[in-house]
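So the sequence shown is numbered by the working numbering: it starts at 89 and just counts up by one.
Before any comments, here is the structure.
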Amino acid sequence: MIIGENGLSTLNRETQIIAFLNAHEWGEAVREPVTADASARRYERLTLNGKKAVLMDAPFDENDKPCPIGSSAESRRAEGYAALAMLAGSDPSAFVCLATALKRRGFRSPKIIGLNLKSGLMLLEDLGDNLYASVLENAPEREEKMYKKAVCVLAAIYRSSFDTHIVAHGAEWKIGRYDQLAYQAEADLFTEWYAPEFDSELSEVAQKEWEDIWTDICGHLDEHAFGLALRDFHAQNIFVLEEADSDITSVGLIDFQDALFAHPSFDLVSLLEDARRDVSPDLIAPLISLFCQEAGIQEDAKFHAAYAVQGAQRNAKILGIFVRLARRDHKQDYLDLIPRVKAHFVRDISHPALADLKTWVKKYTPSILE
89 MIIGENGLST LNRETQIIAF LNAHEWGEAV REPVTADASA RRYERLTLNG KKAVLMDAPF
149 DENDKPCPIG SSAESRRAEG YAALAMLAGS DPSAFVCLAT ALKRRGFRSP KIIGLNLKSG
209 LMLLEDLGDN LYASVLENAP EREEKMYKKA VCVLAAIYRS SFDTHIVAHG AEWKIGRYDQ
269 LAYQAEADLF TEWYAPEFDS ELSEVAQKEW EDIWTDICGH LDEHAFGLAL RDFHAQNIFV
329 LEEADSDITS VGLIDFQDAL FAHPSFDLVS LLEDARRDVS PDLIAPLISL FCQEAGIQED
389 AKFHAAYAVQ GAQRNAKILG IFVRLARRDH KQDYLDLIPR VKAHFVRDIS HPALADLKTW
449 VKKYTPSILE
């Protein structure tokens, strides 16, 4: 009997899944594994009598539980990175509540067909195979039109009002607000993992300088009202829904369980500075302008400075995460994505508002500029 990281045996988990599928009349479905993301969640595509659905297998793990909103800085530091970065962890309530909140506002999150919160099992609407990334690989001429729709969805989400406390399907969830502790914890993945991998271990002085710089430049993010950020909005997490009745409903959404209230550029940066595909450079400026226009934000020096800060912070985090995935979790393919993310990061720190950060990089991690 194999015991998984969550403490459940493989046999016992399969028994739970079969019982869950039988209870929702999907027990006879053909089950096909779906390529997993970097998380511990597991997915299967189900086919039964011409109908399709997706099984999400996300068992609750006591070692991966969310830190309650409002926890002190000391408490979050004691809990570790997930609490510092305000991640949902293994609690399925986050996905359930956010999927429902998005759908109530007209966005195309998957419909929840069946649910067992205690077991961490969900039956979801199948949004199909048309991920932005795969569609654009076969039809690159569609890029401009597709990205305009995605940007309009982000602007519509920003304009929408979301409750901080959501109750849905017997679950409840509180949406937090990105704070300096979260921004710093994410940025610190760069100094913890990336710097020693490609340059050298950093001194306490260098780390303190790094933290002071981020405290200063993150002030640019306070120049605009925060809105809901899904936190992982990119071409491998959004779908083309061909038969939608509007641009807003033509973009399918997944992987939003870690959503927080954040600067309006957060998901825009995720989309346009994608770690996995290059967005045509001549589309970037028009798409930023389109977002500001649709979101009701003045596109000025303040917004562009905040965009650069958000981009640098996100890409610093991703560089650290990709090295961590390769070295700690033995997922070597993530190293192949680093050159693209490096290019994003270098471009972001070239903004005048990030001059101090660029100086720090030249001094302590110069290889990234090569």
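Quick reminder that beta carbons are idealized off the backbone N, C-alpha and C, glycines included.
Since the model is a prediction, treat every value here as computed from it, not as a measurement.
Residue j beta carbon less than 8 Å from that of residue i
i, j, result
"Ser-471", "Ala-128", "Here the chain has residues from 89 to 458 only, and residue 471 is not among them."
"Ile-245", "Leu-329", "no"
"Ala-414", "Leu-423", "yes"
"Ser-438", "Arg-402", "no"
"Ala-273", "Tyr-169", "yes"
"Val-397", "His-322", "no"
"Leu-172", "Arg-164", "yes"
"Phe-195", "Arg-265", "no"
"Trp-448", "Glu-297", "yes"
"Leu-242", "Glu-231", "no"
"Lys-236", "Leu-378", "yes"
Boundaries of the beta strand (DSSP E) in which residue i is found, first to last residue
i, result
"Tyr-131", "130 to 136"
"Glu-162", "Element bounds for Glu-162: not the beta strand (DSSP E) but the alpha helix (DSSP H), 161 to 167."
"Gly-158", "Run containing Gly-158: none; DSSP gives neither H nor E here."
"Leu-203", "200 to 204"
Cβ shell of residue i (< 6 Å), same chain only, five flanking positions each side left out
i, result
"Trp-261", "Ser-181, Ala-182, Cys-185, Ile-254"
"Gly-92", "Confidence in Gly-92 is poor, its pLDDT being 35 and thus under 50, which makes the residue's placement too unreliable to answer from."
"Asp-320", "Asp-343"
"Lys-199", "Glu-213"
"Asn-218", "Phe-327, Val-328"
Delimiting residues of the alpha helix (DSSP H) encompassing residue i
i, result
"Asp-304", "292 to 305"
"Gly-399", "389 to 415"
"Ala-275", "268 to 277"
"Asn-226", "220 to 226"
"Leu-360", "354 to 360"
"Phe-344", "Where Phe-344 is concerned, there is no enclosing alpha helix (DSSP H), given that its DSSP letter is neither H nor E."
"Pro-284", "283 to 286"
Three-state secondary structure (DSSP) of residue i
i, result
"Phe-314", "coil"
"Trp-261", "strand"
"Ala-146", "coil"
"Val-118", "strand"
"Arg-435", "helix"
"Met-174", "coil"
"Val-367", "coil"
"Thr-447", "helix"
"Arg-193", "coil"
"His-253", "strand"
"Lys-233", "helix"
"Arg-213", "The question names Arg, but residue 213 is Glu in the sequence shown. Strand at Glu-213."
"Asn-325", "coil"
"Ala-350", "strand"
"Lys-419", "coil"
"Ile-106", "helix"
"Ala-332", "coil"
Same chain, Cβ closer than 7 Å to residue i, five either side skipped, listed in chain order
i, result
"Leu-445", "Ile-301, Ile-305, Ala-400, Ile-437"
"Glu-120", "Glu-132, Arg-133"
"Ala-161", "Leu-269"
"Asn-94", "With a pLDDT of only 43 at Asn-94, under 50, the local geometry of the prediction cannot be trusted, and the value read off the model is given with reservation. Here the set comprises Pro-147, Asp-149."
"Trp-114", "Leu-134, Leu-136, Ala-141, Leu-211"
Neighbourhood of residue i by C-beta distance below 8 Å, restricted to the same chain and skipping five residues each side
i, result
"Leu-290", "Thr-279, Ala-283, Pro-284, Trp-298, Tyr-452"
"Val-122", "Tyr-131, Glu-132, Arg-133, Val-142"
Requested in this report: Could you tell me whether the segment 372 to 386 touches the segment 286 to 306, using the rule of 3 or more Cβ pairs below 8 Å?
Outcome: no
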